[in-house]
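J.:
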Amino acid sequence: MEFIRPEDYTPKKSHISDLKKYGIGIIGCGSIANTAHLPAYSKFGLHVAACCDVSEEAARTTAEKFGIPRWTTDVNELLEMDEVAVIDLAIHPAPRLEVLKQISKAPRPVLCQKPLALDLDHAMLLCNEANRLGITLGVNQQARWAPAHKALKHVIDQDLIGEIYSIHHYMRSFQDQAGWWWTKMKNFNIVDHGVHYVDLCRYFNPYPQEWSRVHCTTAQLNQQNAIDPLIYSANVEFGPKGGRNPFMASLHFNNIAKASRSHSNTWWVDGTEGSLWCTQDTLYMAINKHKNVVHEIKLKGTWFPDAFAGSMLAFITALEQGERPPVTAEDNLQTIAMTTGMVISSQEGCVVERTDLLKGSDI
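Each residue of the sequence shown is one higher than the last, beginning at 1 in full-length UniProt numbering.
#1: Sorted by chain position, which residues of the same chain lie with C-beta nearer than 6 Å to Val351's C-beta, five sequence neighbours on each side aside?
#2: If you drop the 5 nearest sequence neighbours on each side, which residues of the same chain put their C-beta closer than 6 Å to that of Val198?
#3: When you compare only the Cα positions, how much space is there between Asp88 and Leu299?
#4: Please state the DSSP three-state secondary structure of Gly274.
#5: Does any residue of chain D bring its CB to less than 9 Å from the CB of Ile256?
#6: Can you have a look at Leu221 and say buried or exposed, based on whether 16 or more other CB atoms are within 10 angstroms of its CB?
#7: Where are the alpha helix (DSSP H) runs, 4 residues long or more, that stay fully inside the stretch 79–143, in chain order?
#8: In three-state DSSP terms, what is Tyr165?
#9: Run through the stretch 280–357 for me and flag every whole beta strand (DSSP E) of 3 or more residues, listed as ranges in chain order.
#10: Quick one: what's Glu237 bridged to in DSSP?
#11: In whole angstroms, what is the alpha-carbon distance linking Thr217 and Pro206?
#12: Locate the beta strand (DSSP E) running through residue 383, then write down its first and last residues.
#13: Going by DSSP in three states, Thr72 sits in which element: helix, strand or coil?
#14: Comparing C-alpha positions only, which one of Gly271, Ala329, Thr355 and Gly349 sits nearest to Ile135?
#15: Taking residue 367 as part of the beta strand (DSSP E), name the residues at either end of that continuous run.
#16: DSSP beta-bridge partners for Ser264?
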């Protein structure tokens, strides 16, 4: 039984009439740009017209490494280049507001590195300012375009396993290396790395209603390097209080598992007519009517770098078709609200309501 093909989950450019006219100007030539964004664009034939970084060495060496025709240390100079039609904003959250204000002088659509910001107040400010400045702003939650996640979403949308009632994520990894920037970031495991899985939980949700409340616990080892916990467990509720809504999600992330052979990244989706589960290279499906059979699909491609091309191509496709970005700033606020709620819940030992966090907003 063939229920998915590579073209269903790999990056697509068939809906774009002329990729060349969507020249990308990348702002930020750091590690993520050099190890993910630019290798992905090269692999899938996207046109990078120019790159920009406050460091002359970073901008120059990045341009040389990827054959980018122009580089600069000045955002305003980048915006003077007619060949730059789309901005890839690959910088840390703190300077993003100032850069958005610069971009507004010569507006271009902007695909911003995930998440929009590390806390909800900052994210709301960026969202509101982008709207005020007339900037089309998308968020590069590229995990949605990782082959395993895109494949899982495709099968969920086919209704092959009936009414879905449970989504569960189980992640085991290790990021407690001394001296790295993430060990010094507050709440890193939730608001930065963990935001991928929080966003995917929402992405996989097959129903129109948003998450309604979250309860999160964390654990911190006595002698770890990271300043904040590297383990979280979150229960996510949809619908009214009381646990009677027919859908829920649970997320568990142990990011300080030292035994590398024990590491894994698995999603489970249960429905009334069967179950789906996937690792990063294989998708499985068991259907009630197919007794004693597990359908196993080996997936093509990898999260890094393919998902970064998938995200940008989907963004350009939306521009081509006159539609909103696939992940809008407003959509990302719902994800950041959940990570914000998880932090509050873990620190205060309480259940956090989504509506309380977004009170007073139009989201």
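The beta carbon of each residue, even a glycine, is placed where N, CA and C say it ideally should be.
T.: Based on what the coordinates show:
#1: Within the same chain, Cβ atoms closer than 6 Å to the Cβ of Val351 are found at Arg213 and His215, the five residues on either side in sequence being excluded.
#2: Thr335, Met338 and Thr339
#3: 28 Å
#4: strand
#5: The chain inventory of the structure shown lacks chain D, comprising one protein chain alone.
#6: exposed
#7: 96–103 and 120–133
#8: strand
#9: 282–287 and 295–298
#10: Arg213 and Met248
#11: 26 Å
#12: Because the chain in this structure spans residues 1 to 363, residue 383 falls outside the shown range and cannot be described.
#13: Note: Thr72 maps to strand in three-state DSSP.
#14: Ala329
#15: Missing from the structure shown is residue 367; the chain here goes from 1 to 363 and no further.
#16: Bridge partners of Ser264: Arg172.
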